[in-house]
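**Student:** Chains as they are written, first to last, in my numbering: chain A, 1 to 83; chain B, 84 to 276. Heads up, the beta-carbon is just placed ideally off N, CA and C, and yes, glycines get one too. Handing you a structure now.
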Amino acid sequence: MNQSFDKLLDARGLNCPMPLVNARKEVGKLEPGQVLKIIATDRGSVADFQGWAKIAKNVELIGQETESVDGANVYTHYVKRTG
Amino acid sequence: MGASFDTKAGADASRVQALEEKVQELAKRLQDLEERTPEDRVAIIVFSGDLDRVLAAFIIATGAAAMGQQVSMFFTFWGLSVLKKGTELSGKTLFQKMMALMSPDSSLSLPVSKMNYFGAGAKMLRSMMKEKNVSSLEDMIALARDLGVRAIACEMSRDVMGIKQSELAEGLECGGVASFLADSLKARTSLFI
Chain A
1 MNQSFDKLLD
11 ARGLNCPMPL
21 VNARKEVGKL
31 EPGQVLKIIA
41 TDRGSVADFQ
51 GWAKIAKNVE
61 LIGQETESVD
71 GANVYTHYVK
81 RTG
Chain B
84 MGASFDTKAG
94 ADASRVQALE
104 EKVQELAKRL
114 QDLEERTPED
124 RVAIIVFSGD
134 LDRVLAAFII
144 ATGAAAMGQQ
154 VSMFFTFWGL
164 SVLKKGTELS
174 GKTLFQKMMA
184 LMSPDSSLSL
194 PVSKMNYFGA
204 GAKMLRSMMK
214 EKNVSSLEDM
224 IALARDLGVR
234 AIACEMSRDV
244 MGIKQSELAE
254 GLECGGVASF
264 LADSLKARTS
274 LFI
């Protein structure tokens, strides 16, 4: 996926609920329309970001992907601030 | 001809009036409904003083706050230990002193609900969590505060257990059942942990 983004958050090594909590903080610093890319190693973050986007009014999940880096899965999420 | 015109105008006027009344009634019903619609709010009672249960409460609280929910946590009975910053014995009754000596001093000395073995279990769980890079309970408490989670200490159980206000962390609200219900009745999710 070749999605452009405005800010990158490295949440690798962090566990629930920290990827979400840190992403929330970073999204708050974005302007509406800007995109935050989050990279995480927490497998639960895939469902967590989907749940967050479903509930929150000002964020949209515009993409997610999983890739294997050195045998470990890395989960990437793209979140757009909408309001 | 003129007479029939007047009659028609009169009928229209009364129809408009009936509609206006209907609209007013609907607006009122809508307002009533809106008042009863839950807010983006989560209310959690922390009754337990067990490390594992309290951790679950704080993970839910911080997660919900990150998702944009207003979160209130009510600490009562054994849950008050989480808020303690130390133990004072002076001015307490015999039973209150016994209670104080057998209760945790702070969040750092909470036992686990199973396999505690005089605190060894809690130490083990903490070190296993650290190994997996899960935030400690104390980090979670600080994070909850950062995220604007409201912490309310139950006044009645604090008084019964003889825990002094000076033994609890600063910046807490205190309240009773109504302050919990005021939040939980407006919440989509209420938990008792």
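Can you tell which of B:R124, B:D266 and B:R241 has the C-alpha that lies nearest to the C-alpha of A183 (chain B)?
**Tutor:** To locate residue 183 (chain B), count along the second sequence from 1; it is residue 100. Considering only alpha carbons, the answer is B:R241.
**Student:** Checking contacts by CB at 7 Å: is R24 (chain A) closer than that to chain B?
**Tutor:** Counting from one through the first sequence, the residue named residue 24 (chain A) turns up at place 24. Yes, R24 (chain A) counts as interfacial toward chain B.
**Student:** Below 7 Å between beta carbons: does that hold for M156 (chain B) and A234 (chain B)?
**Tutor:** Position 73 of the second sequence holds residue 156 (chain B). Position 151 of the second sequence holds residue 234 (chain B). Yes. Within cutoff.
**Student:** With 8 Å as the C-beta to C-beta threshold (strictly closer), list the residues of the stretch 207–234 of chain B near chain A in chain order.
**Tutor:** Answer in chain order: K215, N216, V217, S218, L226 and L230.
**Student:** Along chain B, in chain order, which residues have C-beta atoms closer than 8 Å to that of N91 (chain A)?
**Tutor:** One cannot answer for residue 91 (chain A) here, as it falls past the ends of chain A, which runs 1 to 83.
**Student:** For the structure I just gave you, are there three or more beta carbon pairs, one from the stretch 189–209 of chain B and one from the stretch 164–177 of chain B, closer than 8 Å?
**Tutor:** Taking 8 Å as the limit for Cβ pairs, the verdict is that the stretch 164–177 of chain B does touch the stretch 189–209 of chain B.
**Student:** Alpha carbon to alpha carbon, what distance is there between V69 (chain A) and A140 (chain B)?
**Tutor:** By 1-based counting over the second sequence, the position of residue 140 (chain B) is 57. By 1-based counting over the first sequence, the position of residue 69 (chain A) is 69. Each residue's Cα considered, the two are about 33 Å apart.
**Student:** Between which two residues does the beta strand (DSSP E) harbouring F263 (chain B) extend?
**Tutor:** Translated into positions along the second sequence, residue 263 (chain B) becomes position 180. Premise fails: F263 (chain B) lies in the alpha helix (DSSP H), V260 to S267, not in any beta strand (DSSP E).
**Student:** Nearest chain A C-beta to T145 (chain B) closer than 7 Å, yes or no?
**Tutor:** The residue given as residue 145 (chain B) occupies position 62 in the second sequence. Yes, because at least one Cβ of chain A sits closer than 7 Å to the Cβ of T145 (chain B).
**Student:** Three or more C-beta pairs under 8 Å: does that hold for the stretch 32–46 of chain A against the stretch 1–11 of chain A?
**Tutor:** They touch, by the three-pair rule.
**Student:** Would you grab the beta carbon distance between Y75 (chain A) and T66 (chain A) for me? Rounded to a whole angstrom, and I think it's under 8 Å.
**Tutor:** In the first sequence, the residue the question calls residue 75 (chain A) occupies position 75. In the first sequence, the residue the question calls residue 66 (chain A) occupies position 66. Between T66 (chain A) and Y75 (chain A) the Cβ distance is about 5 Å, and since that is below 8 Å, they are a contact.
**Student:** Which residues, in chain order, does the stretch 49–61 of chain A contribute to contact with chain B at a C-beta distance below 8 Å?
**Tutor:** Correct list: G51, W52, I55, A56, K57 and N58.
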